[in-house]
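Numbered according to our numbering, the sequence shown terminates at residue 124, and the numbering increases by one at each position without gaps.
C-beta: ideal position from N, C-alpha, C; glycine also.
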Amino acid sequence: MDNRFIEVDGTRLRRLRREQALSQQDVERMTGVAQATLSDLEQGKRGARASTLRKLAEVLGAEPKELMKVQEE
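Spelled out as structure tokens, the structure:
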């Protein structure tokens, strides 16, 4: 099992969630990802496991890579 954390683009995550007219609590019910964790992800306070990104992406109608922060060179 992969326990590495991936940096999340919190702004994009929040935008996609709002475009779906979902609250953080709605996403929690749909994915099992705690509202506090979702809040931290949207604020850039923490990273996410690949499994969490997959759950969020599925609910938000996105690909997991769309939620990942792009590393600048």
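Exercise for review: Return the bridge partner residues of alanine 99 from the DSSP annotation.
Suggested key: Ile57
Original post:
How would you label arginine 55, buried or exposed, when you count the other beta carbons within 10 angstroms and need 16 or more for buried?
Top reply: exposed
- Task: Using only alpha-carbon positions, find the residue among Leu111, Leu118, Val110 and Gln94 that is nearest to arginine 100.
- Result: Leu118
Check: What are the start and end residues of the alpha helix (DSSP H) that includes glutamate 93?
Finding: Run containing glutamate 93: 86 to 93, per the alpha helix (DSSP H) assignment.
Q: In angstroms with no decimal places, state the Cα-to-Cα distance between arginine 66 and leucine 92.
A: About 12 Å.
Task: The alpha helix (DSSP H) enclosing glutamate 79, as first and last residue numbers - done: 75 to 82
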